[in-house]
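Structure first, commentary second.
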Amino acid sequence: MSYNKLTLKQGITLHNINTAKFKTNLCAIFLTFPITYENATKDTLIALMLKRGSKNLKTRQDITSKLAELYGAEFDSGVDKSGDNHVLKFYLESLNEEYLPQKEDLLQESIETLLDLVFNPNIENEEFNKEFLEQEKNNLEQIINSKIDNKTMYALNRCIEEMYEGKPYGIYKYGYVEKLKEITAKNLYEYYKELIDTCKIDIFVSGANSDIAKILENNNIIKALKERNPNHVKYGSFSNENKEKIVEEKMDVAQGKLVIGMNLKSENDKSKYAAQVYNTILGGSASSKLFQNVREKASLAYTVSSNYMKLKSNIFIRAGIEIENYGKALEIIKKQLEDMKNGDFSDEDIALAKRTIITTINNIQEEQDIELSYYYGQELSDRTMTIEEYKNNIEQISREDINTVANSLNINTIYFLRN
Numbered sequence: 013m014s015y016n017k018l019t020l021k022q023g024i025t026l027h028n029i030n031t032a033k034f035k036t037n038l039c040a041i042f043l044t045f046p047i048t049y050e051n052a053t054k055d056t057l058i059a060l061m062l063k064r065g066s067k068n069l070k071t072r073q074d075i076t077s078k079l080a081e082l083y084g085a086e087f088d089s090g091v092d093k094s095g096d097n098h099v100l101k102f103y104l105e106s107l108n109e110e111y112l113p114q115k116e117d118l119l120q121e122s123i124e125t126l127l128d129l130v131f132n133p134n135i136e137n138e139e140f141n142k143e144f145l146e147q148e149k150n151n152l153e154q155i156i157n158s159k160i161d162n163k164t165m166y167a168l169n170r171c172i173e174e175m176y177e178g179k180p181y182g183i184y185k186y187g188y189v190e191k192l193k194e195i196t197a198k199n200l201y202e203y204y205k206e207l208i209d210t211c212k213i214d215i216f217v218s219g220a221n222s223d224i225a226k227i228l229e230n231n232n233i234i235k236a237l238k239e240r241n242p243n244h245v246k247y248g249s250f251s252n253e254n255k256e257k258i259v260e261e262k263m264d265v266a267q268g269k270l271v272i273g274m275n276l277k278s279e280n281d282k283s284k285y286a287a288q289v290y291n292t293i294l295g296g297s298a299s300s301k302l303f304q305n306v307r308e309k310a311s312l313a314y315t316v317s318s319n320y321m322k323l324k325s326n327i328f329i330r331a332g333i334e335i336e337n338y339g340k341a342l343e344i345i346k347k348q349l350e351d352m353k354n355g356d357f358s359d360e361d362i363a364l365a366k367r368t369i370i371t372t373i374n375n376i377q378e379e380q381d382i383e384l385s386y387y388y389g390q391e392l393s394d395r396t397m398t399i400e401e402y403k404n405n406i407e408q409i410s411r412e413d414i415n416t417v418a419n420s421l422n423i424n425t426i427y428f429l430r431n
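Converting from the sequence shown to this note's numbering requires adding 12 to each position, the first position being numbered 1.
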């Protein structure tokens, strides 16, 4: 496997992951730009509208027929929030040409199809198709309203909203129902053109693709794209507010959802690796402090775990509990945090946590989309770190490094969803 990146134009980067490990080639285009309350809903609608067709593939049926021609290729899109950025993601997966019954330029046709779908939308009279837009607005309204259905994710998102109130990271990635009525076929297309001219564009190709740079450099769509100084937010900004806030929300729920959002004050590179080890010891596995003491010994939680979100230097503890056990559960969780500050964890805890993390790192190269996301994260961090370097950085973390993290954490928000 080899990874190379090439600047096609200023602000437009090709990432070439050349590997013979998979039977498929995965092509992806990521559009990255700052997330805002005003535009988050438009961003999601653009991702939905581009799935409806292009100038050359005007309907879903046309897209389906084209994918069938490409030996059953698959096309998908999604919306993500990466730090303070909004990211529109478009994927097209097709067979590696080695497995075709006859020699064809399938990779070239696949990447050209993806470029067509993203950068050559089906536009008439300088606006998107009005009928399609109304359908997608209805679909998006359902998506936004359904966020309440998964109470675990709802509670996490609400905790993040409270921690980052009035800040970009607190914005819901799919947008807001109240903004839908403002969006028209014309103003959405105007916004799309502005977005395409200013966003950071990353094109990823994973598979047997040694000729991909030449293909893209000669592509007319790439030639037509403007150079740009990408308007995106590099990783690093974080919430540094230290006051503890308690938020209680009532809803018709059978089980309480407790989320504790914490800030890590130090944010240098070493602290990020140490935070991964700390988090795994605290609540990142079945042998963790939280799982063993809150769930197994005290029987106070159906589920309990912690997650480290390095993009914003936060750790979130999540627990599903009986509502009447809120006080006891919170007390024992806080005790685990104090024990970690006091160094109450063994060398075996550290070794086990490192093994767990390194197993996860090794799995990065086992899935094309995960490997692609890894290199995208590197791109936004302005670094290129190999898998081996990543593992070595984890191995180098000491007990003292973990203690530093433990004593740099402060609870920002305690959120409890109850009946």
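Just so you know, even glycine gets a beta-carbon here, dropped at the ideal spot from N, CA and C.
K366 and E407: beta carbons closer than 8 Å? Translated into the one-based positions of the sequence shown, residue 366 becomes position 354. Translated into the one-based positions of the sequence shown, residue 407 becomes position 395. Judged by their CB atoms, K366 and E407 are nearer to each other than the 8 Å cut-off.
DSSP-derived helix/strand/coil call for T164: What you label residue 164 is simply residue 152 of the sequence shown in a count that begins at 1. The answer is helix: DSSP assigns T164 an H, G or I state.
Go through its chain and collect everything with a Cβ distance to K149's Cβ below 6 Å, but skip five positions before and after it. The residue given as residue 149 occupies position 137 in the sequence shown. Result list for K149: L192, in chain order.
For the beta strand (DSSP E) holding Y203, just list the boundary residues, first then last. Translated into positions along the sequence shown, residue 203 becomes position 191. It is not in any beta strand (DSSP E) - Y203 instead sits in the alpha helix (DSSP H) that spans A197 to T210.
According to DSSP, residues forming a beta bridge with A40: By one-based count along the sequence shown, residue 40 stands at place 28. Looking at the DSSP assignment, A40 forms a beta bridge with Y103 and F216.
List the endpoints of the continuous alpha helix (DSSP H) containing V130. Numbered from its first residue, the sequence shown carries residue 130 at position 118. Boundaries of the alpha helix (DSSP H) harbouring V130: L118 to F131, taken from the DSSP string.
What do you get for D214, buried or exposed, if any count of 16 or more other CB atoms within 10 angstroms of its CB means buried? Position 202 of the sequence shown, counting from 1, holds the residue named residue 214. That one is buried.
Just reading off the alpha helix (DSSP H) that G295 is part of, what are its end residues? Taking the first residue of the sequence shown as position 1, residue 295 is located at position 283. First-last of the alpha helix (DSSP H) with G295: D281 to G295.
Could you spell out where the beta strand (DSSP E) holding M321 opens and where it closes? Position 309 of the sequence shown, counted from the first residue, corresponds to residue 321. Run containing M321: T315 to M321, per the beta strand (DSSP E) assignment.
Based on DSSP bridge pairs, tell me the residues matched to K21. As a working note, residue 21 is residue 9 in the sequence shown. Looking at the DSSP output, K21 bridges to I24.
Would G295 and V265 be called neighbours here (beta carbons separated by less than 8 Å)? By one-based count along the sequence shown, residue 295 stands at place 283. By one-based count along the sequence shown, residue 265 stands at place 253. No. Outside cutoff.
Go ahead and pull the three-state DSSP assignment for V265. Locating residue 265 in the sequence shown gives position 253, counting from the first residue. If DSSP states are grouped into helix, strand and coil, V265 belongs with coil.
Run of the beta strand (DSSP E) containing N326, from where it starts to where it stops: By one-based count along the sequence shown, residue 326 stands at place 314. Unbroken beta strand (DSSP E) run through N326: N326 to I333.
Contact defined as beta carbons within less than 8 Å: I believe Y83 pairs with L112. What is the distance between those atoms, to the nearest angstrom? On the sequence shown, residue 83 is found 71 positions in, with the first residue counted as 1. On the sequence shown, residue 112 is found 100 positions in, with the first residue counted as 1. In this structure, Y83 and L112 form a Cβ contact; the two beta carbons are roughly 7 Å apart against a cut-off of 8 Å.
Span separating the alpha-carbon of E105 from that of L312: Along the sequence shown, read from residue 1 onward, the residue named residue 105 stands at position 93. Along the sequence shown, read from residue 1 onward, the residue named residue 312 stands at position 300. Roughly 45 Å separates the two Cα atoms.
From N305 to E116, what does the alpha carbon distance come to, in whole angstroms? As a position in the sequence shown, residue 305 is number 293, starting the count at 1. As a position in the sequence shown, residue 116 is number 104, starting the count at 1. About 59 Å.
Taking its Cβ as the centre, do 16 or more other Cβ atoms sit within 10 Å of I382, making it buried, or is it exposed? In the sequence shown, residue 382 corresponds to position 370, counting from 1. By the neighbour-count rule (16 or more Cβ atoms within 10 Å), I382 is not buried but exposed.
Nearest-angstrom Cα distance between L392 and K246? Within the sequence shown, numbered from 1, the residue matching residue 392 stands at position 380. Within the sequence shown, numbered from 1, the residue matching residue 246 stands at position 234. Straight-line Cα distance between these residues: approximately 6 Å.
Which two residues bound the contiguous alpha helix (DSSP H) that contains D351? Mapped onto the sequence shown, residue 351 falls at position 339. Y338 to K353 is the extent of the alpha helix (DSSP H) around D351.
Contacts around Y15, its chain only, beta-carbon distance under 6 Å, and the 5 residues preceding and following it disregarded: Position 3 of the sequence shown, counting from 1, holds the residue named residue 15. Contacts found: I29.
Looking at the secondary structure, which residues open and close the alpha helix (DSSP H) in which K93 lies? Position 81 of the sequence shown holds residue 93. It is not in any alpha helix (DSSP H) - K93 instead sits in the beta strand (DSSP E) that spans E86 to S94.
Please report how far the alpha carbon of E360 lies from the alpha carbon of Y320, in whole angstroms. The sequence position of residue 360 within the sequence shown is 348, counting from 1. The sequence position of residue 320 within the sequence shown is 308, counting from 1. Their Cα atoms are separated by approximately 21 Å.
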